[in-house]
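To start, the structure itself, in C-alpha cells.
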Amino acid sequence: MKYKTDYRIFPLGDSAITVDFGNIIDEEINLNILARYQQLKNDPVKGVIEIVPAYSSLTLHYDMLAVAKNIPKGKQAYSWICEEIEKRLQQPVASQQNNDTLVKIPVCYDTFFATDLESLAESKGMSSEDVVQLHLLKQYRVYMLGFLPGFAYLGQVDDKLATPRKPQPVEVAAGSIGIAGHQTGIYPMVSPGGWHIIGRTPVHLFDSDKENPALLKPGDSVQFFSITLHEFENY
Amino acid sequence: MQDNGRYGYQYLGVNPGGTMDRLSAQIANILVGNSLNEAVIELHFPASEFFFEQPALISISGADFMASINGDEVPRHQPILVSKFSILQFYRMKAGARAYLAIRGGFDLKKWFNSYSTNLKAMAGGYKGRILQKEDEIGIQSDEILTSLLGKKEYRILPWKADIGWEDTHVTELLALPGNEWEQLTAPSKESLEQASFMITSHSDRMGYRLSGQLLSLTTKEELVSSAVSFGTVQLLPDGQLIVLMADHQTTGGYPRVAHVISAHHSRLAQLNPGERIQFKLCDHAVAESLMAKQQQHVLQMEYACKFKLEGMGIMP
Chain A
1 MKYKTDYRIF PLGDSAITVD FGNIIDEEIN LNILARYQQL KNDPVKGVIE IVPAYSSLTL
61 HYDMLAVAKN IPKGKQAYSW ICEEIEKRLQ QPVASQQNND TLVKIPVCYD TFFATDLESL
121 AESKGMSSED VVQLHLLKQY RVYMLGFLPG FAYLGQVDDK LATPRKPQPV EVAAGSIGIA
181 GHQTGIYPMV SPGGWHIIGR TPVHLFDSDK ENPALLKPGD SVQFFSITLH EFENY
Chain B
1001 MQDNGRYGYQ YLGVNPGGTM DRLSAQIANI LVGNSLNEAV IELHFPASEF FFEQPALISI
1061 SGADFMASIN GDEVPRHQPI LVSKFSILQF YRMKAGARAY LAIRGGFDLK KWFNSYSTNL
1121 KAMAGGYKGR ILQKEDEIGI QSDEILTSLL GKKEYRILPW KADIGWEDTH VTELLALPGN
1181 EWEQLTAPSK ESLEQASFMI TSHSDRMGYR LSGQLLSLTT KEELVSSAVS FGTVQLLPDG
1241 QLIVLMADHQ TTGGYPRVAH VISAHHSRLA QLNPGERIQF KLCDHAVAES LMAKQQQHVL
1301 QMEYACKFKL EGMGIMP
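Sequence order for the protein chains is A and B. For the first sequence, the positions run 1 to 235 when the working numbering is used. For the second sequence, the positions run 1001 to 1317 when the working numbering is used.
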C-alpha cells in the first residue's frame, strides 16, 4: 500500500506542533497517521511529552523548557522540534494494517433512548426502522479517540444518514450513540454534545479502574447489533 | 485538587487538566518546600473553610481572597505554620479568580494515571474524582518539627515572602501566536482580533472562557475534521464569537484555531474573571519562548532561596 505523504507542519501555540496530512476522513491517511504515531513513539523527540493522533493529523505536545536545555543556546525550541520531526518524516515507515479486533456493541434503538431518531428519519424522508437498518448494516472503523475519555470517532455512515451536527449542544446521556456528518460515535459519559442521538448502549466505553480504560482504539472495527429495551435493562 | 496535569493519555481522550494558574500553584508549593508538581487545592470564590486536625505548614498564592486563620488576616506568598484545631477561612474576593492552598508534604491521595489532578468527566483522580465537599477529610503529613516551631502559638507567619514583583499582576493584555486558521480570517476580523477588546462572559469555567465581542468571520467555509487542541487555543465558534480553551479543555476539536495565548500568559489569563475585558497582541515564538524562560528562571531562583530558608529553620526537604 502506498501512502500519500504530503504533509504540512504548523505550530499549535508555543508548546505543540501539528503535522497535518490533509483535512480529510480517509482510511489510508489514518493508517499512515497510526504508522507515524508508532514511529514517533519508538524514536521519540527529546522534550516531547505526548502525541495525539487524530483523523488526518498528529500533534506533538512538548515542554519548551526541557527542549531548550538540550539545544544550542539561542536556538528556538520550536525550530529544533520542527527539524527533528522533519528528519523522522523523511524516513519511510512500514505500512500499517488495520488490526483484526472486531468489537460487537449492543444498541437499543428504542425511542426511549433515541431522542433524535424520529426527527433524523423525518428529515431524510425515511422511517425510523430504515435509519436503524442502515446504521446496523455497516461495520465501522475507529479513526481516533478524543473529545471525552474513551470517545471513539467511527466512520463512515451511509451517505443517506449523514447529517450536520445540531446548532446548539444539549445534554447527552452516557452510552448514547450519535451521528454527526459521516461520523458515528458513542458518548462514554454524560456530556453536552451536538450529535443526533439514535440509540444507547449498556456497554461501558471507559472504565477508569482498568489499566487500559478505553474499550476501543484506533484501527478497531465496530459492529453494532440491536437489542430491545428489555434486553438493555437486563444487560 | 490539581497538580501540573496528567500527560500521556490524550490519545485516549483523557485531557491533561491540572491547575489553571500553574505559576501560582508552583509558588505555593515552593514556599512550603514541596516539589513544583505537588497537588494543591485550587479555590474559587466563595472558597472552602478548612479545619486543621494536626499542625501544618501552609501557603496561599494566586487570587487574593483575604485569607484568615482563626479570624486574623494572613498574607499570601508567605509560609505559615498553623497549629492543631486552627481554622482557615477566606472572606472576600479582593483580586484574581483562583487561589491556591499548598500544604507541606502534599495530601494523602492516590494518583490516577500518574497525576493527582481531578478529572471531573472521568470522575477519577484528585479526591474521589470530584470537587471537594463539606465534611470531606483529607489526610496530610504530620511532622514533629512543626509542633516545636509553633510553641504555644496558634499560627506563625514565617519571615520571608515570595518575590512576585517581576510578574505584573492583573494585566488584561495577552500575547498570542497566530493559529493555523488565522490567515483564513477576513481582513476586518484580523484587525478586530488585534485591536478590539473581548469580554469574558459568564459561560466561562475550567474548560474554557467564552468571549463576547465583535463578530469575526472566515473567508472560507471549509469544515475541519477533529484534531488536537491545547491550553490557550483561541477557537472561532460558528456564531462568530471566540472561546479560549483552559486547563480542562477537551483533547480534540474541530473549530478554527485563530490564535494561541502564549504559555507565559496562561497565569494572568487564569486570574481574570467573567465581566473583565481582554486584548490579544500577536507575537512570535522567540518572544513566547523567552518570556517563558524568564518566568522559569524566577521560579527556580525562588525555589532555591526557599529551600535554603526552610533548611535554616530545621525543616528539611
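We put the CB at the ideal spot given by N, CA and C, even for glycine.
Status (buried if at least 16 other CB within 10 Å, exposed otherwise) for residue 963(B): Past the boundaries of the shown model lies residue 963(B); chain B is included only from 1001 to 1317, so the question cannot be answered.
Beta-bridge pairing of residue 1064(B) - partner residues as DSSP gives them: 1095(B)
Where the beta strand (DSSP E) containing residue 1279(B) begins and where it ends: 1277 to 1282
The beta strand (DSSP E) enclosing residue 104(A), as first and last residue numbers: 102 to 108
Buried versus exposed call for residue 1316(B) [16 or more other C-beta atoms within 10 Å across all chains shown]: exposed
Residue span of the alpha helix (DSSP H) that contains residue 1188(B), given as start and end: 1187 to 1195
CB contact check: residue 65(A) to chain B, cutoff 9 Å: yes
Where residue 1113(B) falls, given that 16 or more other Cβ within 10 Å makes a residue buried: buried
Counted within 10 angstroms of its Cβ, other Cβ atoms place residue 32(A) as buried (16 or more) or exposed: buried
Candidates 1218(B), 1064(B) and 1255(B): closest to residue 1094(B) by CA position: 1064(B)
Cutoff 9 Å: residue 1219(B) Cβ touching any chain A Cβ: no
Close-in-space but distant-in-sequence residues of the same chain around residue 1123(B) (CB under 6 Å, 5 per side omitted): 1129
Contact set for residue 203(A): own chain, Cβ-Cβ below 6 Å, skip 5 residues either direction: 105
Contacts of residue 1026(B) in chain A (Cβ-Cβ under 8 Å): Here the premise fails: no neighbours, minimum Cβ distance about 12 Å.
Chain A within 9 Å of residue 997(B), Cβ atoms only: Because chain B spans 1001 through 1317 in this model, residue 997(B) falls outside it and cannot be assessed.
Environment of residue 234(A) [buried if 16+ CB atoms lie within 10 Å]: exposed
Counterpart residues of residue 1315(B) in DSSP-defined beta bridges: BP columns for residue 1315(B) are empty, so no partner.
Length of the line joining the Cα atoms of residue 1102(B) and residue 1283(B): 34 Å
Simplified DSSP assignment, three categories, for residue 1073(B): strand
Min CB distance residue 14(A) to chain B below 9 Å: yes
Alpha-carbon to alpha-carbon, residue 1292(B) and residue 1082(B): 34 Å
Residue-level contact to chain B via CB, residue 146(A), 9 Å cutoff: yes
C-beta atoms of residue 114(A) and residue 186(A) nearer than 9 Å: no
C-beta contact flag for residue 1042(B) and residue 1099(B) at 9 Å: yes
Among 209(A), 171(A), 208(A) and 221(A), nearest to residue 184(A) - alpha-carbon criterion: 221(A)
Residue 163(A) versus 125(A), 173(A), 175(A) and 146(A), residue with shortest Cα-Cα distance: 125(A)
Reduced DSSP secondary structure (H/G/I, E/B, other) of residue 144(A): strand
Supposed close pair residue 54(A), residue 1230(B) - CB separation, criterion 8 Å: The Cβ separation is near 13 Å, so there is no contact.
Ordered list of beta strand (DSSP E) runs contained in the stretch 202 to 235 of chain A, each at least 3 residues: 221 to 227
Nonlocal neighbours in the same chain, by C-beta distance under 6 Å from residue 1268(B), ignoring five residues either side: 1171
Spatial distance of residue 63(A) from residue 148(A) (CA atoms): 23 Å
N- and C-terminal bounds of the alpha helix (DSSP H) containing residue 36(A): 27 to 42
Supposed contact pair residue 1010(B) and residue 50(A) - C-beta distance, whole angstroms, cut 8 Å: 6 Å
Start-to-end residues for the alpha helix (DSSP H) that takes in residue 1270(B): 1266 to 1270
Nearest-angstrom Cα separation, counted from residue 1104(B) out to residue 1139(B): 12 Å
Contact set between the stretch 38 to 70 of chain A and chain B, restricted to residues whose Cβ is under 8 Å from the partner: 49, 50, 51, 52, 53, 54, 55, 56, 57, 59, 61, 64, 65 and 68
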